[in-house]
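Enquirer: Using the working numbering, read the sequence shown as starting at 4 and increasing by one per residue. Every residue, glycine too, gets a C-beta built ideally from N, C-alpha and C. Encoded as C-alpha cells, here's the structure I'll be asking about.
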Amino acid sequence: PCGTGQTCNDPDTAANKLHDFTCTCDNDKSVKKTDGPATCTKDECSTNPCGTGQDCNDPNNSPSSTGDYTCTCTGTTIKVTGGPATCTNDECTAMPAPCGTGQTCNDPDTAANMLHDFTCTCDNDKSVKKTDGPATCTKDECSTNPCGTGQDCNDPNNSPSSTG
4 PCGTGQTCND PDTAANKLHD FTCTCDNDKS VKKTDGPATC TKDECSTNPC GTGQDCNDPN
64 NSPSSTGDYT CTCTGTTIKV TGGPATCTND ECTAMPAPCG TGQTCNDPDT AANMLHDFTC
124 TCDNDKSVKK TDGPATCTKD ECSTNPCGTG QDCNDPNNSP SSTG
C-alpha cells in the first residue's frame with residue numbers, strides 16, 4: 004500500500020484492525036503517513052553534489068527522479084546536468100577582447116566566480132597597466148630623437164596606433 008522508497012509498518016495485524024498501517028519514507032524517517040503512501044521527496048542537491056562555487060537545482064524532487072539536478076557555476080551560465088560543472092572563466096579570451104591594441108591581457112585567477120581581476124599592460128611600457136579594463140597607453144615617437152641633433156620634435160598624437 005506504500006509507494007516506492009517507503010517502508011510499511013503495520014503495528015497490529017489483527018483481522019479487525021484495519022487502516023492502522025504507516026508508510027515511512029526511506030530517505031527521511033520523519034515523513035510518514037497512516038493508512039496510505041507518504042509524500043516523500045528526494046532533493047539531490049541536499050548532499051552538495053556540485054561542490055564549492057556552484058549552485059545546485061533539482062527541478063523534480065520525486066524519489067524516482069534521479070540525475071536531473073543541474074550544477075551551475077556561480078555568476079555564469081556554465082551548467083551541467085547530473086554532475087558538477089567545470090567552472091573556468093578566462094576573461095582575457097572574451098570577445099571583444101577586454102584590452103586595447105598594443106596591450107597584453109593577464110587573468111591571474113580563471114575560476115568562474117573570479118571576475119574583474121584581469122590586468123591590461125601596455126606592450127611598449129610594462130609599467131602602465133590597469134585592472135578590469137584597457138590601460139591608457141601612449142607612444143611618444145619623439146622619445147627616440149628621430150629628428151636628430153639641433154631639431155625640435157613634436158608628436159601631437161601619442162596614441163599607440165598613430166605613427167608618422
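#1: Can you round the beta-carbon distance between G105 and C140 to whole angstroms, since I take them to be within the 8 Å contact cut?
#2: Just to confirm before moving on: does the CB-CB distance between T73 and V83 stay below 9 Å?
#3: Find out if the Cβ-Cβ distance for the pair E47, D29 is shorter than 9 Å.
#4: For T84, which residues does DSSP report across the bridge?
#5: Looking at the strands, I want to know which residues DSSP matches up with K132.
#6: G86: which of T96, G54, T80 sits nearest, CA to CA?
Expert: Based on what the coordinates show:
#1: 6 Å
#2: yes
#3: no
#4: T73
#5: T124
#6: G54
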